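Note sheet for the following structure.
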Amino acid sequence: MDVANMSPAEIRQLIRQNQLIRPTSGVANGFTQANLAILKKELAFEFLLFCQRNPKPCPILDVTEPGSAVPTLVAPNADLRTDLPKYRIYREGNLVDEVTDILKYWEDDMVAFLLGCSFTFEQALLKNKIPVRHIEENCNVPMYKTNIPCVKAGRFEGPMVVSMRPIPQKDVVRAVQVTSRFPAVHGAPVHIGTPAVIGIDDISKPDFGDPVPVRAGEVPVFWACGVTPQAIAMHVKPELMITHAPGHMFITDKRDEEFAVL
115 MDVANMSPAE IRQLIRQNQL IRPTSGVANG FTQANLAILK KELAFEFLLF CQRNPKPCPI
175 LDVTEPGSAV PTLVAPNADL RTDLPKYRIY REGNLVDEVT DILKYWEDDM VAFLLGCSFT
235 FEQALLKNKI PVRHIEENCN VPMYKTNIPC VKAGRFEGPM VVSMRPIPQK DVVRAVQVTS
295 RFPAVHGAPV HIGTPAVIGI DDISKPDFGD PVPVRAGEVP VFWACGVTPQ AIAMHVKPEL
355 MITHAPGHMF ITDKRDEEFA VL
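Dropping the structure here:
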């Protein structure tokens, strides 16, 4: 299957039928991907406020009406209960299940948040001849908890999660320029270089995703990551929170360039 050039609707149909269960980097190229966080209505306002106060890790693309699984702004024919390759279920901050649909977990007072994903700007990096290591290695992007605190909102507080891509030294400035054009999907890096400065002791052991090699002449570059809500869930321990499995994103109908700035 040429998943790179399929339409979002075609990809979502394959996912719904459990025919595509894999990280979505490099899937439906040119279309914006999104992180997912689902909470009960009683926590939705506090989480919305948290996202507004932390736009780098949690840039909002869409929020559903309570009880609706349809993201009307970015994919009005989709169903967020079935259209991601893999979901994670957290209860009281503990990961209790990983599933390919959430039909049995869905409740009529749930609100779903779609947050921008850095997979969106990877095509822009590639077009600028900047390599993306996890695509080359056919694995998930490495993600790390940091010592960078998010701005507290209500009960929601905790550390930022970042994704890492090794960038050739000669391309670092260009990588910053390219990704800065996409503030709705994390934008410019939050850190460049020494991982220990942001609390990462061992870059070969990511908290989420897969490790990738950082080769001679390359610099580890870190972007804010939409997996941050999962770290927050572990910290805040809400009764129930549903997220995407790291790297297994929702494919919207929006093109990447719709979220770019000049």
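If you read the sequence shown in our numbering, its first letter stands for residue 115, the second for the next number, and so on. Glycine included, every Cβ here is placed at the ideal spot set by N, Cα and C. As the structure is a computational prediction, the values presented were derived from the model and not from experiment.
Out of curiosity, what's the CA-to-CA distance linking Ala192 and Met274? The residue you call residue 192 lines up with position 78 of the sequence shown. The residue you call residue 274 lines up with position 160 of the sequence shown. About 29 angstroms.
Between which two residues does the beta strand (DSSP E) carrying Lys368 extend? Locating residue 368 in the sequence shown gives position 254, counting from the first residue. Where Lys368 is concerned, the enclosing beta strand (DSSP E) stretches over Phe364 to Arg369.
Since Phe161 contacts Phe270 with CB under 8 angstroms, what's their CB separation in whole angstroms? The sequence position of residue 161 within the sequence shown is 47, counting from 1. The sequence position of residue 270 within the sequence shown is 156, counting from 1. So it is a contact: roughly 6 angstroms between Cβ atoms.
Would you identify the three-state DSSP class for Ala298, choosing helix, strand or coil? Taking the sequence shown and counting its residues from 1, one reaches residue 298 at position 184. Residue state, collapsed to three classes: helix.
Pro352 to Cys165 span [Cα, whole Å]: As a first step, residue 352 is located in the sequence shown; it is residue number 238 there, counting from the start. As a first step, residue 165 is located in the sequence shown; it is residue number 51 there, counting from the start. Approximately 16 angstroms between the Cα atoms of the pair.
Take every Cβ of the segment 176–185, pair it with every Cβ of the segment 284–296, and state whether three or more of those distances are shorter than 8 angstroms. no
At which residue ranges does the segment 276–353 contain complete beta strand (DSSP E) runs of 3 or more residues, listed in the order of the chain? 332–338
Tell me whether the beta-carbon of Val333 lies closer than 9 angstroms to the beta-carbon of Pro282. Reading the sequence shown from its first residue, position 219 is the one you call residue 333. Reading the sequence shown from its first residue, position 168 is the one you call residue 282. Yes; because the gap between Cβ atoms is below 9 angstroms, this pair is in contact.
Should Thr366 and Phe145 be called a contact, given that it needs their Cβ atoms to be closer than 9 angstroms? Taking the sequence shown and counting its residues from 1, one reaches residue 366 at position 252. Taking the sequence shown and counting its residues from 1, one reaches residue 145 at position 31. It is a contact, given that the beta carbons lie within the stated cut-off.
Quick check on the DSSP output: the alpha helix (DSSP H) that includes Arg205 runs from which residue to which? The residue labelled residue 205 in the question sits at position 91 within the sequence shown. From DSSP, Arg205 is part of no alpha helix (DSSP H) but of the beta strand (DSSP E) over Tyr201 to Arg205.
Rounding to the nearest angstrom, what Cα-Cα distance links Lys218 and Gly307 in this structure? Residue mapping note: residue 218 aligns to position 104 of the sequence shown, counting from 1. Residue mapping note: residue 307 aligns to position 193 of the sequence shown, counting from 1. About 43 angstroms.
Can you find the residues in the same chain that come closer than 7 angstroms, C-beta to C-beta, to Val328, ignoring five residues on each side of it along the sequence? On the sequence shown, position 214 is the one that residue 328 refers to. These residues qualify, in order along the chain: Pro280, Ile317 and Pro334.
Going by DSSP, what residue range makes up the alpha helix (DSSP H) through Glu212? Looking up residue 212 in the sequence shown gives position 98. That residue, Glu212, is in no alpha helix (DSSP H); its beta strand (DSSP E) goes Asn208 to Val213.
Take Ala345 and list the residues in its own chain whose beta-carbon comes closer than 7 angstroms to its own, dropping the five residues that flank it on each side. On the sequence shown, position 231 is the one that residue 345 refers to. Closer than 7 angstroms at the Cβ level, and outside the excluded window around Ala345, lie Lys259, Gly272, Pro273 and Val275.
Classify Met278 as buried or exposed, calling it buried when 16 or more other Cβ atoms lie within 10 Å of its own Cβ. Walking along the sequence shown from the start, residue 278 turns up at place 164. Buried, by the Cβ-count rule.
Just the Cα atoms here: how many angstroms apart are Pro199 and Leu150? Indexing the sequence shown from 1 puts residue 199 at position 85. Indexing the sequence shown from 1 puts residue 150 at position 36. Going by the C-alpha atoms only, they are around 12 angstroms apart.
Give the range of the beta strand (DSSP E) segment to which Leu175 is assigned. In the sequence shown, residue 175 corresponds to position 61, counting from 1. Taken as a continuous stretch (DSSP letters only), the beta strand (DSSP E) holding Leu175 covers Ile174 to Val177.
Assuming contact is defined by CB atoms lying nearer than 9 angstroms, are Ala148 and Leu229 in contact in what I supplied? Within the sequence shown, residue 148 is the residue found at index 34, counting from 1. Within the sequence shown, residue 229 is the residue found at index 115, counting from 1. It is a contact, given that the beta carbons lie within the stated cut-off.
For Arg202, does the count of other Cβ atoms within 10 angstroms reach 16, so buried, or fall short, so exposed? Within the sequence shown, residue 202 is the residue found at index 88, counting from 1. By the 10 Å Cβ count, Arg202 comes out buried.
For the beta strand (DSSP E) that Ile129 lies in, which residues bound it at each end? Counting from one through the sequence shown, the residue named residue 129 turns up at place 15. Premise fails: Ile129 lies in the alpha helix (DSSP H), Pro122 to Arg130, not in any beta strand (DSSP E).
Whole-Å CB distance - Gly361 paired with Lys170, under 8 angstroms assumed: Counting from 1 along the sequence shown, the entry for residue 361 is found at position 247. Counting from 1 along the sequence shown, the entry for residue 170 is found at position 56. Not confirmed; about 19 angstroms, so no contact.
For Arg195 and Val188, the rounded distance between their alpha carbons: Sequence index remark: in the sequence shown, residue 188 carries index 74 (1-based). Sequence index remark: in the sequence shown, residue 195 carries index 81 (1-based). Approximately 15 angstroms between the Cα atoms of the pair.
In three-state DSSP terms, what is Leu134? If you number the sequence shown from 1, residue 134 lands on position 20. Leu134 falls in the coil class under three-state DSSP.
Length of the line joining the Cα atoms of Met224 and Ala347: Locating residue 224 in the sequence shown gives position 110, counting from the first residue. Locating residue 347 in the sequence shown gives position 233, counting from the first residue. Straight-line Cα distance between these residues: approximately 16 angstroms.
For Asn168, count neighbouring C-beta atoms within 10 Å of its own C-beta (all shown protein chains included) and say buried if the count is 16 or more, exposed if not. For the purposes of this step, residue 168 is taken as the residue at position 54 of the sequence shown. Flag for Asn168 reads buried.
Residue from Met355, Lys154, Pro297 and Ala226 whose Cα sits closest to the Cα of Asp370: Counting from one through the sequence shown, the residue named residue 370 turns up at place 256. Taking only the C-alpha atoms, the option nearest Asp370 is Pro297.
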